[in-house]
Amino acid sequence: MTKPMVAFRNVDKTFGSYKALDAVSLDVMPGEVLCLIGASGSGKTTLLRSVNQLHPIDEGAIWLDGELLGKRQEGQHLHLLTDREIARQRLATGMVFQRFNLFPHMTALENITEGPVQVQRRRAAEVRDEAMALLERVGLSDKAGNFPSELSGGQQQRVAIARALAMKPKLMLFDEPTSALDPELVGEVLSVMKGLASSGMTMMVVTHELGFAREVADTVVYMDAGRIVEYGPPDQVLSHPREERTKAFISKVIA
Amino acid sequence: MPPRKLAPGFADTRGMPIARRLYWGRWLAAALIVVLIFLLLRAFAQGQIEWAVVAQFFTAPAILKGIVNTVIMAVLAMTLGIILGVIVAVMRLSSNPVLVSVAAGYTWLFRGTPLILQLLLWFNIALVFPVIGFPGIWSGRAVDVMTPFVAALLGLALNQGAYTSEVIRAGIISVDEGQHDAARAIGMSKIHALRRIVLPQAMKVVLPPLGNEFISMIKTTSLASVIQYPEVLHSAENIYYANSRVIELLFVAGLWYLIVVSILTPLQMLLERRFSRGTARRTK
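Sequence lines, in order, name chains A and B. Residue numbering for the first sequence is 1 to 255, as defined by the working numbering. Residue numbering for the second sequence is 1001 to 1284, as defined by the working numbering.
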């Protein structure tokens, strides 16, 4: 049996007295596209951010490609990793944010080359060629010299996807990548994501776009109150949900 | 589609010229100010000031040396102050409680006491520690080490660092949290993210108040005259002690301060423009 790309085991996370993740266990297989759906506050974004350790988890463990995240086991004890070691682990994941978070003082091209040159210490000329190829792939080769403030939301988000891909991640995390976009710009971002999915990238996508989930996802996970309520192929979860909560949520989103 | 029927009575205003508006208030105020300035200049011209003396001492070697010393001290103290300020601001925002307390204590101490008192303390440190140095490596008599230059630089830089740290901290806080997340997501360590992503964006917020602080520093160096540092006001004083031309020499020093500050203002504009890269609203 192939080993999962990401394995969550009994992951807990609380913010103050609020339980964001409640004993979540989940496997994401290599090449799988997994969509996380659920109401706001259901824990789906927290789960996503726990994979690249922007939110450290309280209990349980996450393995990424076989490596335990954030901790090191020595005998019967766990030791927390240092900031530098965690930064190295993050290189395995690429993240795309709801509000793009492009670096405003850098051009589109510089946004993409920043990580490979500054963090991975790769040669600038080689990285530049790759970055241009990535811009081409997201359909923005003519915007290389533009600053984020000169791009539309959809264009900014496509640059952000290229920025994440430039690090050659094993796993891509998408945190509501189309929620901040005007309706007519959603399609261009989703089509880039579709292309990425068909190229075999392992993806975890927090989304409200049920149409995208139905078309592209291998697995859909519905979360509520920090727990996984429903798990299965999109047809099963979206069209024939078993739980009442799932039915109610889906009918609200579609209406 | 049939032509829409529009309500009558709303004229077509295309091509009509827009009448020039007269700003009576502005003209009146400007005229008043011109008159006032004229009266003021005439009063000083006819007052008991020997303008020839002002001209004579304007380029006197002691004065020129003084203004050079002023600028050197201001630049060095400000540079050290900014370096200290960045370090203290980062300490203050770290998650390490020891660093946070040390930074808060430093700011409290140096903002809480008058600068002139700090300068006098540094200058007279020999009364507390007659010999200073690093045990086993180097040491010297405090009176020899703590020259007016060293005492003034220490006093001004440490005091400036305390104020600058708060300006830098404000700049860092003003940068969107998502920028930090994005920097971490591409594998940057905290320090790396600060240097490449957060600080360059904080500069935009930090530069106008820092420009203010630097201009203020140019003039604050005059306090170092109390510990015998030969900056321009100190030179002017020394000259008028000898020739009793008090007002003339104060005018000379004042003019020099104005000249230096006038040169600095456009430099600040250039810097601001440099750091507003990528933002739509640039300083004109």
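Backbone N, C-alpha and C fix where the C-beta goes; we use that ideal spot for every residue, glycine too.
Item, Value
"If we count Cβ pairs, one from each stretch, closer than 8 Å, do we get three or more for the segment 145-160 of chain A versus the segment 66-80 of chain A?", "no"
"So the alpha helix (DSSP H) residue 1165 of chain B belongs to, where does it begin and stop?", "1148-1174"
"Quick check for students: name the residue ranges of the alpha helix (DSSP H) that lie wholly in the segment 21-50 of chain A, counting only runs of 4 or more.", "none"
"Who are the neighbours of residue 1189 of chain B on chain D, taking C-beta pairs under 8 Å?", "In the structure shown, chain D cannot be found, because the protein chains are A and B."
"Mind checking the segment 126-148 of chain A against chain B and listing, in chain order, the residues whose C-beta falls within less than 8 Å of any C-beta there?", "147, 148"
"Which stretch, first to last residue, makes up the beta strand (DSSP E) that contains residue 73 of chain A?", "71-74"
"Below 8 Å on the Cβ atoms is my contact criterion, and I expect residue 109 of chain A with residue 131 of chain A to pass it. Report the Cβ-Cβ distance as a whole number of Å.", "6 Å"
"Applying the criterion that 16 or more other CB atoms from any shown protein chain within 10 Å of the CB defines a buried residue, is residue 78 of chain A buried or exposed?", "exposed"
"Helix, strand or coil: how does DSSP classify residue 219 of chain A here?", "strand"
"At the level of alpha carbons, what is the spacing between residue 1131 of chain B and residue 1231 of chain B?", "27 Å"
"Could you name the residues of the same chain whose beta carbon sits closer than 7 Å to that of residue 87 of chain A, not counting the 5 residues immediately before and after it, in chain order?", "none"
"What would DSSP say about residue 1188 of chain B, mapped onto helix, strand or coil?", "coil"
"Just to confirm the assignment, what range does the beta strand (DSSP E) spanning residue 62 of chain A have?", "59-64"
"Can you pull the DSSP bridge partners for residue 1139 of chain B?", "B:1133"
"Which value, in whole angstroms, describes the spacing of the CA atoms of residue 154 of chain A and residue 105 of chain A?", "19 Å"
"Nearest-angstrom Cα distance between residue 24 of chain A and residue 246 of chain A?", "17 Å"
"Give me, in chain order, the residues of the same chain whose beta-carbon lies closer than 6 Å to that of residue 1080 of chain B; leave out the 5 immediate sequence neighbours on both sides.", "1157"
"Go through its chain and collect everything with a Cβ distance to residue 205 of chain A's Cβ below 6 Å, but skip five positions before and after it.", "35, 174"
"Evaluate the contact criterion for the segment 1096-1111 of chain B versus the segment 1171-1185 of chain B: three or more CB pairs, one atom per stretch, below 8 Å.", "no"
"Determine the direct distance from the alpha carbon of residue 4 of chain A to that of residue 1172 of chain B, and round the result to whole angstroms.", "40 Å"
"May I ask which residues mark the beginning and end of the beta strand (DSSP E) holding residue 1269 of chain B?", "Taken as a continuous stretch (DSSP letters only), residue 1269 of chain B belongs to no beta strand (DSSP E), being part of the alpha helix (DSSP H) at 1246-1275."
"Scan the segment 1148-1182 of chain B for residues whose Cβ lies nearer than 7 Å to a Cβ of chain A and list them as they occur along the chain.", "1178, 1179, 1181, 1182"
"Shorter than 8 Å from the beta carbon of residue 153 of chain A to some beta carbon of chain B?", "no"
"Indicate whether residue 116 of chain A and residue 162 of chain A have their beta-carbon atoms separated by less than 8 Å.", "no"
"Among B:1152, B:1014, B:1050, B:1044, which residue has its Cα nearest to the Cα of residue 1243 of chain B?", "B:1050"
"Please classify residue 1252 of chain B as buried or exposed, where buried requires at least 16 neighbouring CB atoms within 10 angstroms.", "buried"
"Any Cβ of chain B within less than 8 Å of the Cβ of residue 10 of chain A?", "no"
"Could you list which residues in chain B have their beta carbon closer than 8 Å to that of residue 118 of chain A, in chain order?", "1188, 1192, 1196"
"Might you give, ordered along the chain, the residues of its own chain that have their beta carbon closer than 6 Å to the beta carbon of residue 156 of chain A, omitting 5 neighbours on each side?", "100, 102, 148"
"Does the CB of residue 1284 of chain B have a neighbour CB from chain A at under 8 Å?", "Caution is warranted here: a pLDDT of 38 is assigned to residue 1284 of chain B, below 50, making its placement in the model unreliable, and the coordinate value is therefore given only provisionally. Cβ-Cβ to chain A under 8 Å: no for residue 1284 of chain B."
"Near residue 179 of chain A, which residues of its chain fall below 7 Å by C-beta distance, leaving aside the five closest residues on each side in sequence?", "98, 208"
"Is the beta carbon of residue 21 of chain A less than 8 Å from the beta carbon of residue 43 of chain A?", "yes"
"With a CB to CB cut of under 7 Å and the five nearest residues on each side skipped, what residues in its chain are close to residue 1282 of chain B?", "With a pLDDT of only 45 at residue 1282 of chain B, under 50, the local geometry of the prediction cannot be trusted, and no value is derived from it."
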